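S.K.: Okay, so the sequence shown: first residue is 22 according to my numbering, each after it adds one. Note that beta-carbon positions come from the ideal geometry of N, C-alpha and C, so glycine has one too. Computed from a prediction, not measured in an experiment: that's the story for all the values here. Can you read through this structure? Questions will come right after.
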Amino acid sequence: MGPVTISRRFDFSASHRYYRDDWSEEENRRVFGLCALPNGHGHNYTLEVAVSGEPDPATGMVINLVDLKSAVEGVLVDFDHKHLNLDTPWFTDRQPTTENLAAVLWDRIADTLAGATLSRLRLYEADDLYVDYFGATA
Numbered sequence: 022m023g024p025v026t027i028s029r030r031f032d033f034s035a036s037h038r039y040y041r042d043d044w045s046e047e048e049n050r051r052v053f054g055l056c057a058l059p060n061g062h063g064h065n066y067t068l069e070v071a072v073s074g075e076p077d078p079a080t081g082m083v084i085n086l087v088d089l090k091s092a093v094e095g096v097l098v099d100f101d102h103k104h105l106n107l108d109t110p111w112f113t114d115r116q117p118t119t120e121n122l123a124a125v126l127w128d129r130i131a132d133t134l135a136g137a138t139l140s141r142l143r144l145y146e147a148d149d150l151y152v153d154y155f156g157a158t159a
């Protein structure tokens, strides 16, 4: 049959702030705009997780969707309804941009999947803004 890619969507909410301590308040506002507000702001994110592989001959599935859902939701619990800067360890030394969040999610989700290969993450910050991430390249 050949490889097949299957995708599933997940929703979660999180807040964040873009800010560099080594920059002035004015520079932070100039570069990051409203994202530099002192209390941050939040988003209702949508995450599309795409996995690829050969369908199992016995089940016809690349991955059991129950297993995929369980794996991703197990990762998202660390991000959902959290302030990314304050409540997670992944953004203490990097900006919690959509790009960086997608890379962090990739690493966490890829480690939880058995029998399928993570092929793409699409992370929507808004209806008209998303990031596609395909993993780190060698």
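Runs of 3 residues minimum, wholly inside the stretch 58-83: which ones carry the beta strand (DSSP E) assignment?
M.R.: As far as the stretch 58-83 is concerned, its whole beta strand (DSSP E) runs of at least 3 residues are 62-74.
S.K.: Just verifying my parser: in three-state terms, what is the DSSP assignment at THR26?
M.R.: Position 5 of the sequence shown, counted from the first residue, corresponds to residue 26. Strand, per DSSP.
S.K.: Please classify ALA159: is it buried, with 16 or more other beta-carbons within 10 angstroms of its beta-carbon, or exposed?
M.R.: As a working note, residue 159 is residue 138 in the sequence shown. Bear in mind that a pLDDT of 45 at ALA159, under 50, signals an unreliable position, so the number given afterwards is only what the model happens to contain. Exposed, because fewer than 16 other Cβ atoms sit within 10 Å of the Cβ of ALA159.
S.K.: Going by the CB atoms, is the gap between SER73 and THR138 shorter than 8 Å?
M.R.: Residue mapping note: residue 138 aligns to position 117 of the sequence shown, counting from 1. Residue mapping note: residue 73 aligns to position 52 of the sequence shown, counting from 1. Yes, the pair counts as a contact, with Cβ atoms nearer than the cut-off.
S.K.: In three-state terms, what does DSSP make of ALA92?
M.R.: Here residue 92 corresponds to residue number 71 of the sequence shown, with the count starting at 1. Three-state result, ALA92: helix.
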